[in-house]
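Below is one structure; the comments refer to it alone.
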Amino acid sequence: MKVRFPDPQGLRLNLKVPVGGTQREAHFLDTGVPHCVYLVDDPDQIDIVGIGRPTRYHELFQPAGTNVNFIKVLDPHHIRIRTYERGVEDETLACGTGSIASALIASLVGKVESPVTLIPQSGLELTVYFAAQGQTFTDVYLQGDARAVYEGRILPDAWK
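Numbering (my numbering), first residue to last: 127 to 286.
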């Protein structure tokens, strides 16, 4: 399934976030929900909750807080990603808006170009398409597998 997303807003590059006993460089973009992106050497060696939770609540991202993505660019069209998601308050297996934010940030720092395939913790790849002009992005699309995982029924009394 391929879905178009609104143009992102609120870009902030090269933020210094003191977390985990060190200053970490992060980038921020709102892709419908707020996302902080850390470029790391190996996402599989990162303490997702230990760094994600304090980043999520850091004053730089208040009052709404932020989702936190840890990415490694594998080549100009592939990124490995792990995401700490606000609300869940833990790592999630995949995050569409986080994948979009990560692909766009990686593009801004000169590491990738559209289309970008992201490999999340679930292993089910997501592909981000976009048009870039300077620090502005348009025509942002997310493509990935869509699966029905639950089916429910709303009873007529719920509408009263």
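Glycine is no exception: its CB is placed at the ideal position from the N, C-alpha and C atoms.
Can you say whether residue i is buried or exposed, counting buried as having 16 or more other CB atoms within 10 angstroms of its CB?
i    : result
V194 : buried
P169 : buried
G136 : exposed
V275 : exposed
R279 : exposed
Suppose contacts are defined by Cβ-Cβ distances below 8 Å. Is residue i in contact with residue j by that definition?
i    : j    : result
H161 : T192 : yes
E217 : R179 : no
L230 : L252 : no
A284 : M127 : no
G213 : I177 : no
F196 : T157 : no
I245 : I207 : yes
G270 : L250 : yes
What separation, rounded to the nearest whole angstrom, lies between the Cα atoms of residue i and residue j?
i    : j    : result
K198 : E211 : 18 Å
I205 : L234 : 14 Å
A152 : A232 : 11 Å
F154 : S228 : 9 Å
V254 : L281 : 38 Å
P241 : H203 : 6 Å
L165 : V143 : 13 Å
Q259 : Y183 : 31 Å
V238 : Q261 : 14 Å
L141 : D201 : 24 Å
E277 : V159 : 26 Å
T243 : K286 : 45 Å
So, for residue i: in the same chain, excluding its five sequence neighbours on each side, which residues have a beta-carbon less than 6 Å away from its beta-carbon?
i    : result
A257 : T264, D265
R138 : F154
Q149 : K142
Near residue i, what residues of its chain come up, given a Cβ to Cβ distance below 7 Å and the 5 sequence neighbours on each side ignored?
i    : result
D133 : F263, T264, V266
V129 : Y267, L268
S248 : L219, A220
I172 : V166, F196, R208
Does the region 222-239 come close enough to the region 180-189 that 3 or more CB-CB pairs lie under 8 Å?
-> Look at the beta carbons and you see the region 180-189 not touching the region 222-239: under three pairs across the two are nearer than 8 Å.
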